[in-house]
Amino acid sequence: MRSWSIPAGRLFGVDVRLHLTCFLLPIFLYWTEYSANNHNASGARNLALTGLILVCVAAHECGHILASRRFGLVPKAVILLPLTGVTLYDEPRAEKLPAGAWWRREIRLALVGPLVNLALACFAAVVISAVAPGIELGKLPLVLARNLPRSLVGANLYLAILNLMPAYPMDGGRILRAVFSRTIDQSSATRRAVSISNAIAMVLMIAGLFSNSWLTMVGVVVFSAAQLEERALLFQSVLDNVSLEEVMLTDFATLSPADTLEDALDKAVHCLQDDFPVIRGSDMVGVISKQRILDALRSEGNGYVQAVMNKIFEVSVRHDSLGSAFRKLSARHSSIIPVVEDQRLVGIVTLQNLMHSMALLAESRKLRREEAE
Ligand SMILES: [Zn+2]
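Note that the numbering used here has the sequence shown beginning at 4, numbered continuously upward.
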């Protein structure tokens, strides 16, 4: 989920990541000024303009974050792109809300972002006109590196308009999807909105080659944002719809509380397993990780598994979803969940195996869907 982006701090407790297309923005701005201004452009000013645009995008996303909190949603991360952002959620957004309430909430959530930009544009225009009346705010181009105050107003205006474009996952596209979802189910509504969005992105990219290169830039951003959102949706559907039974390891090694740590380490070396259930007779009495065994050996020397194993752990049953396993693992900061049936251990799910299976499942679902289309 984190592909093509790097960490860039936190906003209201939500991880912010910078999509790599953001690094194209200063180059693009510099080149635009260079070609429009007789091969004359300033690198520093274009970097400042890039920063200004990204701050406006971040403000837009803050609007979405705060609004989604009001609706009880938990944003997990925000990925900033040059002209928009994508907010990723921990919980499925399409949870069991009645359809009527769902589409109304989606429309309100979507409108908040562009409204933040409109409000910022108005506020900046009022302040700038009062402080420096000489700056002609209405003159074209509205965004240019040599006039940062005018760009502040212009960038926010453009961001509001661009994000209202009916290209999913831009806010306008989200509104369009919400409208579709009044008559068809949510996943078909999403697919329809994504196809419209891909068509718009394609037209923009091609049109930009023959006219204003900004159109190409917008096309690239819409296309990248749609890819990000599609991957997030796929990931979410795997989390919700795959049960532990489908991914748990059924062939695994166990330890006994009476094993020595050296024996345990020996076993770990031979079976490539990072986490072990500890079994006495037919009872599960604990869990222990290879790292814990190593740490104990280093600090206290050889001892018994019994003394260092973790005696408090979560268990799951076959039909629990992957999502619930993830939540249990992260709540306990643990890396293994035993799967039990009638108090008998039937499998284990480890963080290591979960990561592998998630990637494989997402791929196989994508392949199956492509075959179906
Ligand atoms: Zn938005």
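The beta carbon of each residue, even a glycine, is placed where N, CA and C say it ideally should be.
Asked, Found
"Cα-Cα separation between N201 and F226, rounded to whole angstroms", "6 Å"
"Closest residue to Q309 among D262, G75 and N166 (Cα-Cα distance)", "D262"
"Touch test, the stretch 274-291 against the stretch 333-344, Cβ-Cβ under 8 Å, three pairs minimum", "yes"
"Beta-ladder partner(s) of V89, from DSSP", "I82"
"Alpha-carbon to alpha-carbon, L325 and A39", "53 Å"
"C-alpha distance - D174 paired with E317, whole-angstrom precision", "40 Å"
"M173 beta carbon near ligand 1 (any heavy atom closer than 8 Å)", "yes"
"Backbone secondary structure at D243 - three-state DSSP", "helix"
"Runs of alpha helix (DSSP H) lying entirely within the stretch 174-247, each at least 4 residues, in chain order", "174-183, 189-213 and 216-244"
"Of the residues C125, P136, R195 and L264, the one placed nearest A170, counting alpha carbons only", "R195"
"Straight-line gap, L114 to M312 (C-alpha atoms, nearest Å)", "51 Å"
"The stretch 81-88 / the stretch 208-224 touching (three or more Cβ pairs under 8 Å)", "yes"
"Where the beta strand (DSSP E) containing H273 begins and where it ends", "Unbroken run through H273 is the alpha helix (DSSP H), L264 to C274; no beta strand (DSSP E)."
"Cβ-Cβ distance between E249 and L348 below 9 Å", "no"
"Beta-carbon gap between A192 and A181 smaller than 9 Å", "yes"
"beta-carbon G215 near ligand 1 non-hydrogen atom, thresh 8 Å", "The sequence shown places Asn at residue 215, rather than the Gly named in the question. No; taking the cut-off as 8 Å, the Cβ of N215 has no heavy atom of ligand 1 nearer than that."
"CB contact below 9 Å: T353 versus chain C", "Looking for chain C here will not work: only one protein chain is present."
"Cβ neighbours of L218 in the same chain (closer than 8 Å, five flanking residues each side left out)", "L207, M208, A210 and G211"
"Straight-line gap, M4 to A135 (C-alpha atoms, nearest Å)", "Low confidence applies here, because M4 scores a pLDDT of 44, under 50, leaving its location unreliable and the question unanswered by this model."
"Buried versus exposed, by CB contacts within 10 Å (16 or more), W106", "buried"
"Candidates P144, L179, R153 and L237, of which the one nearest L112 by Cα", "L179"
"DSSP bridge partner residues for E344 (one or two, in chain order)", "R347"
"Any non-hydrogen atom of ligand 1 within 8 Å of N1 CB", "In the structure displayed, the chain extends from 4 to 376; residue 1 sits before or after that span and is not available."
"CA-to-CA distance, I351 to E373, given in whole angstroms", "32 Å"
"Best match in P10, A235, E303 and F31 for proximity to Q22 [C-alpha to C-alpha]", "Just to set this straight, residue 22 is His in the shown sequence, not Gln. The candidate whose alpha carbon is nearest that of H22 is P10."
"Cα-Cα separation between R149 and V129, rounded to whole angstroms", "20 Å"
"Which of helix, strand or coil DSSP assigns to T253", "coil"
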